[in-house]
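Some notes on the structure that comes next.
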Amino acid sequence: MSILEEIRAKAHKQIKTIVFPEGDELRTVKAAAVLKTEALAEPVLLGDPEKINAAAEENGADIAGIRIIDPADSPDRIRYRDALYEIRKQKGVSLEEAGRLAADPMYFGIMMVQLGDADGLVSGAVHSTGDMLRPALQIIKTKPGIKVVSSSMLMEFQDRGIGHDGLLIYADCVVNPCPTAEELAHIAISSAETARTLGGIEEPRVALLSFSTKGSAKHALVTKVQEAAAIAHTLAPDLALDGEMQFDAALVPAVGAQKAGGSPVAGCANVLIFPDLQAGNIGYKITQRLAGAEAVAVLQGLAKPCNDLSRGCSVEDIVTTACITAVQAQ
Ligand code: ACO
0 MSILEEIRAK AHKQIKTIVF PEGDELRTVK AAAVLKTEAL AEPVLLGDPE KINAAAEENG
60 ADIAGIRIID PADSPDRIRY RDALYEIRKQ KGVSLEEAGR LAADPMYFGI MMVQLGDADG
120 LVSGAVHSTG DMLRPALQII KTKPGIKVVS SSMLMEFQDR GIGHDGLLIY ADCVVNPCPT
180 AEELAHIAIS SAETARTLGG IEEPRVALLS FSTKGSAKHA LVTKVQEAAA IAHTLAPDLA
240 LDGEMQFDAA LVPAVGAQKA GGSPVAGCAN VLIFPDLQAG NIGYKITQRL AGAEAVAVLQ
300 GLAKPCNDLS RGCSVEDIVT TACITAVQAQ
């Protein structure tokens, strides 16, 4: 079974309510129909009911029994406005502004998750990553003990000899442009948790990547990664984690043994932490395009699960992301 098939099977076992702020977007309507019909999640579509029903009908999507909520017209808007105001008033948000935000499907959906009216949220088929992330960061915030929200990319290879049965976790490829050493440490710890919960990797082995292995080069950028490894060791002493190390030292046993002999991670890493977003984002796209790996993004570190889609996503991608979100909520 592929990792995505396993995630679908897990989602089916314990159905969770997933809200879609872009509920009138055609791919989302179709994905909601699949989720409902295949009993993978209980979708809630936000938007104009007339528009959503017309889109479903014209495209033969069966959305019978799926809840549709129009944020502009919902009685819950007042409850969400008041809660949003309480959360954001210290940041200068007035009650009037909170009311305006609560009518926005993105904020309405986030408030549903925050107040427990939905278990998770999926968006981004229309919104940019930043516009999707900001409300989640402002309102849902991080899990206790975790300093930053970040992302893991589940990279699945046809060659089952790579990583953990063909799976590697890459982080952070989506959120933090320039993490500090402490933030990198938290990204490493969150990624190990994602490897366990979503990747089925019982023993994550985390490598903090650099252009240097164990002091082979001296530079402020290398020092940052070394500091991150030290902080992560303090925060999670039982986690198999090492760095700084180069990509080949992390993955190739002979190179790992030569450059970082005795490391619990070198040569057999299955979680790769990139030093910044440029490296992470470029790294995952190179792997996807040149090695043909399947790449699935997951947000981690949020107190409640929300996930972002690529604007070029397919119906299948939305279904997958909803299943991931549901599993995170279990
Ligand atoms: N973790 C937790 N909280 C955060 C984080 C984080 N990583 N980043 C920002 N915040 C909080 C801030 O503390 C702030 O909270 P506050 O309002 O309560 O004080 C709130 O979020 C908003 O912060 P801003 O600084 O105003 O937000 P910013 O404009 O920096 O946006 C964002 C944050 C959206 C994550 C930004 O860093 C970003 O755009 N990242 C890159 C996204 C991107 O383009 N990715 C690549 C493409 S995706 C792909 O290729 C698959």
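Residue numbering for the sequence shown is 0 to 329, as defined by numbering that gives the first Met the number 0.
Cβ coordinates follow ideal geometry from the N, Cα and C atoms, glycine included.
No experiment lies behind these values; they were computed from the predicted model shown.
Please confirm whether any heavy atom of the ligand ACO lies closer than 7 Å to the CB of residue i.
{"i": "S309", "result": "yes"}
{"i": "R133", "result": "yes"}
{"i": "Q137", "result": "yes"}
{"i": "P20", "result": "no"}
{"i": "V92", "result": "no"}
{"i": "G98", "result": "no"}
{"i": "S149", "result": "yes"}
{"i": "A296", "result": "yes"}
Taking all protein chains shown into account, do 16 or more other C-beta atoms lie within 10 angstroms of the C-beta of residue i, making it buried, or fewer, making it exposed?
{"i": "N175", "result": "buried"}
{"i": "S127", "result": "exposed"}
{"i": "M105", "result": "buried"}
{"i": "P143", "result": "exposed"}
{"i": "C177", "result": "exposed"}
{"i": "S93", "result": "exposed"}
Identify the continuous alpha helix (DSSP H) that holds residue i and give its terminal residues.
{"i": "Q257", "result": "P252 to K258"}
{"i": "L114", "result": "That residue, L114, is in no alpha helix (DSSP H); it is neither H nor E in DSSP."}
{"i": "A8", "result": "I2 to K12"}
{"i": "A82", "result": "D75 to R87"}
{"i": "V330", "result": "Coverage of the chain is limited to positions 0 through 329, which leaves residue 330 absent and any answer about it impossible."}
{"i": "L38", "result": "Checking the sequence, you will find Ala at residue 38 rather than Leu. Segment: none, A38 is in no alpha helix (DSSP H) and carries neither H nor E."}
Which value, in whole angstroms, describes the spacing of the CA atoms of residue i and residue j?
{"i": "K88", "j": "E96", "result": "10 Å"}
{"i": "V43", "j": "S190", "result": "28 Å"}
{"i": "A187", "j": "R99", "result": "37 Å"}
{"i": "G22", "j": "A170", "result": "29 Å"}
{"i": "L167", "j": "L153", "result": "6 Å"}
{"i": "G242", "j": "K50", "result": "52 Å"}
{"i": "E226", "j": "A63", "result": "54 Å"}
{"i": "I68", "j": "G129", "result": "24 Å"}
{"i": "S151", "j": "A278", "result": "14 Å"}
{"i": "L55", "j": "V205", "result": "In the sequence under discussion, the amino acid at residue 55 is Ala, which differs from the Leu named in the question. In a straight line, the C-alpha of A55 is about 44 Å away from that of V205."}
{"i": "V270", "j": "K29", "result": "33 Å"}
{"i": "Q257", "j": "Q137", "result": "46 Å"}
Starting from residue i, trace the beta strand (DSSP E) in both directions and tell me its first and last residue.
{"i": "A60", "result": "Looking at the DSSP string, A60 is not in any beta strand (DSSP E), and its letter there is neither H nor E."}
{"i": "D346", "result": "The structure shown does not extend to residue 346, since the chain is modelled only from 0 to 329, so the question has no answer here."}
{"i": "N306", "result": "C305 to D307"}
{"i": "I272", "result": "V270 to I272"}
{"i": "A102", "result": "Taken as a continuous stretch (DSSP letters only), A102 belongs to no beta strand (DSSP E), as it is neither H nor E."}
{"i": "A294", "result": "E293 to Q299"}
{"i": "V18", "result": "T16 to F19"}
{"i": "G242", "result": "A239 to M244"}
{"i": "V43", "result": "E41 to L45"}
Flag residue i as yes if its beta-carbon sits less than 8 Å from any beta-carbon of chain B, otherwise no.
{"i": "A248", "result": "No chain B is part of this structure, which consists of one protein chain only."}
Mind listing, in chain order, the continuous alpha helix (DSSP H) runs of no fewer than 4 residues lying wholly within the region 123-170?
-> 128-134
Note down, one range per segment and in chain order, each alpha helix (DSSP H) of at least 4 residues found wholly within the region 166-227.
-> 180-196
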